Every structure is written in structure tokens, then in C-alpha cells.
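Participant: Here it is, the structure in full.
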Amino acid sequence: MGEGKVLKKAIVALDGSEYSKYALEYVLDLLDKSKWKLILLHVIPSLEEFGIESVAPPSLVVQLLEELKENAKKIIEEGEAKAKEKGFEVEGLIKEGHVGKTIVQTAEELDVDLIAMGTRGLSGIKALILGSVARYVSNHAHCPVLVVRKKGE
Numbered sequence: 020m021g022e023g024k025v026l027k028k029a030i031v032a033l034d035g036s037e038y039s040k041y042a043l044e045y046v047l048d049l050l051d052k053s054k055w056k057l058i059l060l061h062v063i064p065s066l067e068e069f070g071i072e073s074v075a076p077p078s079l080v081v082q083l084l085e086e087l088k089e090n091a092k093k094i095i096e097e098g099e100a101k102a103k104e105k106g107f108e109v110e111g112l113i114k115e116g117h118v119g120k121t122i123v124q125t126a127e128e129l130d131v132d133l134i135a136m137g138t139r140g141l142s143g144i145k146a147l148i149l150g151s152v153a154r155y156v157s158n159h160a161h162c163p164v165l166v167v168r169k170k171g172e
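Numbering (this note's numbering), first residue to last: 20 to 172.
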């Protein structure tokens, strides 16, 4: 990278699913590595959202959190390796909280130019009942959001 060169920044949200891996691959092919820095973000969902903290013994909660953190680290390391292999400047971040809100807040804090994420492409009742992180992010982000769906889904 050239000295003092200002790169655009893109967050790629990774959750370890095939959909998020595909989104990363898509971004790696789409963006110009000489102009973009990638920030790979994994958000560990808040256990409060699932009510786990109130019903599980503290030792189980600690163990679960450690497993989630270890898994997050693997997801980010795998993504970083792919991005570096393609020549991108890359940074990995792991945060905890409400997934959609945390992605949006992180994008604002880092003043990114783009958020990219994968989606399963749920529709109808499933999308209505389950809600969607991609929908939340696209409705609340301060920057463009690229929602990547695998062809045929």
C-alpha cells in the first residue's frame, strides 16, 4: 500500500455460514484490493437475547461463551487468510451484542463505506417470523449495504 493512501473501508459480516463465506468470496472478487481495506466482523449474539443467562448455571454460561469466542476466532482467521491471499489489507473484529445493531454501530464507529453480508434469501412467512439481520442492517446503516445471495437461492 502506498504511504498515506486513504483506502475505502468495507465491513464483511461473517457468521461462519456458507452464506457469509460466499459473501466474502464475492467481495474479494468485486472490490479493488488497491482501493479497499476489509474489516471482517463476527458478532457473538448476546446470550440475554436467548434468555440463557437466566436459566443456565453460571459455569455453563462461561463455557458457552468461551466456545462461541473460540469459534468466532476461527471464523475471522479463516476469512483473514482468504483476504490476505487475494492481496487485501484486512482487519478482524469480534464483538458481542445484538447482531444487527452491532454491525450498524461498528460501521458507524469505523466510518465504513460499505457493509457486505450474506443472506439465505428467506421469503414469505419465514422471513416475517424469523426477521432478518440483513434487513435490519440495510434499514439502519448509514452507508450502502451489499446483501449477497447465492445464485439459485
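Even for Gly, the Cβ is constructed at its ideal location relative to N, Cα and C. Just so you know, these numbers come straight off a predicted model, no measurement behind them.
1) Figure out for me which residue from I122, E115, K28 and R168 has the closest Cα to the Cα of N158.
2) In three-state terms, what does DSSP make of R154?
3) Measure the beta-carbon distance from G137 to Y41 and round it to whole angstroms, keeping in mind my assumption that it falls under 8 angstroms.
4) Would a C-beta distance cut-off of 8 angstroms place E99 and L60 closer than the cut-off?
5) Could you tell me which residues DSSP puts in a beta bridge with H61?
6) Along the beta strand (DSSP E) that carries L87, what are the first and last residues, could you check?
7) DSSP state of V118, grouped into three classes?
Facilitator: Well, looking at it:
1) Counted from its first residue, the sequence shown places residue 158 at position 139. Looking at the Cα atoms, I122 is the closest of the given residues.
2) Numbered from 1 along the sequence shown, position 135 holds the residue referred to as residue 154. Note: R154 maps to helix in three-state DSSP.
3) Locating residue 137 in the sequence shown gives position 118, counting from the first residue. Locating residue 41 in the sequence shown gives position 22, counting from the first residue. About 6 angstroms separates the two Cβ atoms, so the contact holds.
4) The residue labelled residue 99 in the question sits at position 80 within the sequence shown. The residue labelled residue 60 in the question sits at position 41 within the sequence shown. With contacts defined as CB atoms closer than 8 angstroms, E99 and L60 fail to qualify as a contacting pair.
5) By one-based count along the sequence shown, residue 61 stands at place 42. H61 has I113 as its beta-bridge partners, per DSSP.
6) Looking up residue 87 in the sequence shown gives position 68. Note, L87: premise wrong, no beta strand (DSSP E); alpha helix (DSSP H) at P77 to E104.
7) Along the sequence shown, one-based indexing puts residue 118 at 99. In this structure, V118 counts as helix in the three-state DSSP scheme.
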